[in-house]
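One structure is given below, encoded as structure tokens.
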Amino acid sequence: MDIKHLQYFIEVSNYRSFTRAADHLFITQPTISKMIKNLENELGVELFDRSKKTLTLTDAGRVVLEQAKLIDKAFRNLEVEMENLLELKKGHIRIGLPPIIDPSFFPEIMGKFHDKYPSITFQLVEEGSKKIEESIANDVLDIGVIVLPAKNNQFHSFSFLKEDIKLILHPSHPLANEAEINLSQLSEDSFILFNKDFVLRDLIISSCNRAGFNPSILSESSRWDFIEEMVACKLGVALLPESICRNLHQNVRAVKISEPSISWNLGFIWRNGQYLSYAAKEWLRFTQKLLESN
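Here's what the structure looks like:
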């Protein structure tokens, strides 16, 4: 049995005639008669009383008709829903974002995407790169922004931002007016870092180790604005991405770091071999094209 058998049965029931139903469906009368007979054989019941001039439904026919209409309605709804998905009239995308990217960056892309696909919705989750990778691997998120490269090869990715990490310190700090400093000059300072969910924390610690010291960590946070406030209160120094530094207040200073310089590479990732919705695929295509054109 397929949906056509039920749809033809509904039409014959509506017209109470094989001939009229066949004309309406633009098929031959023998074809529709054969399909109804096949349906009856498969169900093991007679659907129509053929002894009279006008076809009438049997008791079994009335039961089948009621269910056939429900199935036909569900099938037509399915067709509409599939059309909506394929034409991106609806959809939902789950995206992981680190809370240490320029706050104006992502809403701008979302706004342009929303203009084109107004019915697609977003779930945004702010987490560190490590947590985002884990969530994508476990199918909790579709797409994420992380510090590249990813830890393993189970992800596809594309890079969209490479930038320096700069030192943030209080204006009264002895190095605040320097144009550039060596990282080793901070060996006696207290550091305020992101917590262990953030790859940037590991990047900073490893850079300090290469400069010959292990940083003294006063505090950790998941929020760059809170880190900025702690630096403004003279609790220590911090390192933040250059794009974030453009949004800092005047109560802290940003200084370039060298020997070794610290930089990061941000990119979108999604799991290799994992199903992606039409909306998520279009988001990746749209975003990559937009970023490459800028």
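To convert, take the position in the sequence shown, counting from 1, and add 522; that gives the numbering used here.
For glycine and all other residues, C-beta sits at the position ideal for the given N, C-alpha and C.
Only a predicted model underlies this, so the values are computations on that prediction, with no experimental measurement involved.
Query	Result
Segment limits, alpha helix (DSSP H) that includes alanine 698	Run containing alanine 698: none; DSSP gives neither H nor E here.
Serine 728 burial status per 10 Å Cβ neighbour count (16 or more: buried)	exposed
Residues near alanine 754 in its chain [Cβ-Cβ closer than 6 Å; skip 5 each side]	Asn773 and Val774
Lysine 684, enclosing alpha helix (DSSP H) - first and last residue	Where lysine 684 is concerned, there is no enclosing alpha helix (DSSP H), although the beta strand (DSSP E) it sits in stretches over 677-691.
DSSP-derived helix/strand/coil call for proline 579	For the sequence presented, residue 579 should be read as leucine rather than proline. Strand, per DSSP.
C-alpha distance - leucine 697 paired with isoleucine 703, whole-angstrom precision	8 Å
Leucine 619 - DSSP class collapsed to helix/strand/coil	strand
Pick from Ser709, Leu689 and Glu742 that is closest to glutamate 700, judged by C-alpha positions	Leu689
For alanine 760, the three-state DSSP class (helix, strand or coil)	strand
Simplified DSSP state of threonine 553, which is helix, strand or coil	helix
Alanine 776 - partner residues in DSSP beta bridges	Ile690
8 Å CB neighbourhood of asparagine 560 in its chain, flanking five on each side removed	His527
Local conformation of asparagine 660 per DSSP, three classes	coil
For valine 567, the three-state DSSP class (helix, strand or coil)	coil
With 16 other Cβ atoms within 10 Å as the buried cut-off, status of glutamate 814	exposed
Per-residue DSSP class, three states only, for leucine 528	helix
contact_flag[the region 796-805, the region 625-643] where n(CB pairs < 8 Å) is 3 or more	yes
Residue from Val647, Pro629 and Ile642 with nearest C-alpha to isoleucine 617	Val647
Close Cβ partners of alanine 543 (< 8 Å) along its chain, the five nearest in sequence each way excluded	Tyr530, Glu533, Val534, Asn536, Tyr537 and Ile554
Cβ pair count under 8 Å reaching 3, the region 671-683 against the region 737-757	no
Three-state secondary structure assigned by DSSP to asparagine 736	coil
Cutoff 7 Å; reference serine 651; Cβ partners in own chain excluding five residues on either side	Pro620, Ile668, Val669, Phe720 and Val721
The alpha helix (DSSP H) enclosing glycine 633, as first and last residue numbers	627-638
Heavy atom of the ligand COA within 7 Å of lysine 575 beta-carbon	In the structure on display, the ligand COA does not appear, and there are no ligands present to speak of.
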